[in-house]
Ligand SMILES: [Zn+2]
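Here it is, written out as structure tokens:
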């Protein structure tokens, strides 16, 4: 795991300032004598190399969380979200604001503690903090879920991922991307039903219990998550996946947002949840961090050589 060394905007600004520098150099180029040209070309090469090197170090941070507000989607039967302004005014010579809010645990982008469906398993405050961070394994079933709204992630989907990237790592955070994020926060699209108060009418994808059983038996994972409202698909009768993860102290994540913005492999994911005493879950801030792997030296050298050749051609053309 590598912590980020610089933000995307810092890197971006660095590249921009390099480009501006080149532009000013090129405007002076035609006035140069032959002996000045060689150092100029070396400079261009070094600048091009550095720009690409900085570009290659890009660290991206993606928020995988829907905003908690009055549109937040809860499972039917939960009380509504409440946000009440207590203070929002000038007090003497300074500004002061604060609010009161109340929410059910299981709404919007949220975490399921193992105790949610299994007596005696970890409650929210008991989850070891190292279980809240791990390697992101994104199982993209968007094409299948687009055709079959009751799709459940199969063992074969996990094996397809492994055939591309190797074994699912220890402590992984395995997340289904079904493309559901674009339906949020429209309740009838998310539950995929005209009757959003009756779970028997719901149709959305999730994990099949056999796939989760396979993950528990064969890969020592920390979290299973979905971009839909439940780890069990809409048409479930008795929530086998919830029971299974609870019995094995595996954590759940539901309504995880924007998974299409994260690579299937290579991200570190952090599932921040308030340390709620005796909770069965809670609203979560899910964040992905990954580094773009464009930093490769053969590209760097190739572009450096192209820059030099182009500069020589321009030089020759100007002298004729
Ligand atoms: Zn939940």
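In the numbering used here, the protein residues as written are 584 to 903.
Quick reminder that beta carbons are idealized off the backbone N, C-alpha and C, glycines included.
If you check the C-beta of residue 848 against ligand 1, you find no heavy atom less than 7 Å away. With the criterion CB distance below 6 Å from any heavy atom of ligand 1, the matching residues run 689, 693, 695, 837, 864 along the chain. Ranked by how close their Cα comes to the Cα of residue 742, the residues 677, 795, 680, 885 have 795 in first place. Around the beta carbon of residue 815, a 10 Å sphere encloses 16 or more other beta carbons of the protein chains shown; the residue is thus reported as buried. Counting every other CB atom within 10 Å of its CB across the protein chains shown gives residue 707 a total of 16 or more, marking it as buried.
Note that the C-beta distance between residue 775 and residue 785 is below 8 Å. Proximity to residue 800 across 685, 678, 828, 727 peaks at 828, based on C-alpha coordinates. Of the residues assessed, residue 655 falls on the buried side of the cut-off, its CB having 16 or more other CB atoms within 10 angstroms. Contact annotation: residue 712 and residue 758 have beta-carbon atoms that are not nearer than 8 Å.
The three-state reading of DSSP puts residue 769 in coil, since its state is none of H, G, I, E or B. Per DSSP, residue 671 lies in no alpha helix (DSSP H) segment; the continuous beta strand (DSSP E) that holds it begins and ends at 665-674.
Between residue 650 and the set 670, 764, 782, the nearest pair of CA atoms involves 764. Closest in alpha carbon position to residue 701, among 722, 823, 780, 731, is 823. If you draw a 10 Å sphere on the C-beta of residue 892, you find fewer than 16 other C-beta atoms in it, and that means exposed. It is roughly 16 Å from the alpha-carbon of residue 897 to the alpha-carbon of residue 886. Residue 629 counts as exposed, since fewer than 16 other C-beta atoms from the protein chains shown sit within 10 angstroms of its C-beta.
Apart from the 5 residues on each side of it in sequence, residue 652 sits with its Cβ closer than 8 Å to the Cβ of 664, 666 in its chain, given in chain order.
Boundaries for residue 658: no beta strand (DSSP E) harbours it, and the DSSP string shows neither H nor E there.
Pairwise C-beta distances place the region 716-730 out of contact with the region 766-780, as fewer than three of them are shorter than 8 Å. Counting only runs of 3 or more residues that sit fully inside the region 678-760, the beta strand (DSSP E) segments are 693-695, 716-723, 756-760, in chain order. With fewer than 16 other beta carbons inside 10 angstroms of its own, residue 861 counts as exposed. Under the three-state reduction of DSSP, residue 800 is assigned to helix. Counted as a single uninterrupted DSSP element, the alpha helix (DSSP H) harbouring residue 825 occupies residues 823-830. DSSP, read as helix, strand or coil, puts residue 786 in coil. Beta-bridge partners assigned by DSSP to residue 864: 695. DSSP, reduced to helix, strand and coil, places residue 842 within a helical segment of the structure shown. DSSP places residue 848 in the uninterrupted beta strand (DSSP E) bounded by 848-856.
Counting C-beta pairs closer than 8 Å gives three or more between the region 861-874 and the region 685-699, which meets the contact rule. Looking at the DSSP output, residue 837 shares a beta bridge with 693. Contact between residue 724 and residue 788 holds, since their C-beta atoms are separated by about 7 Å, short of 8 Å.
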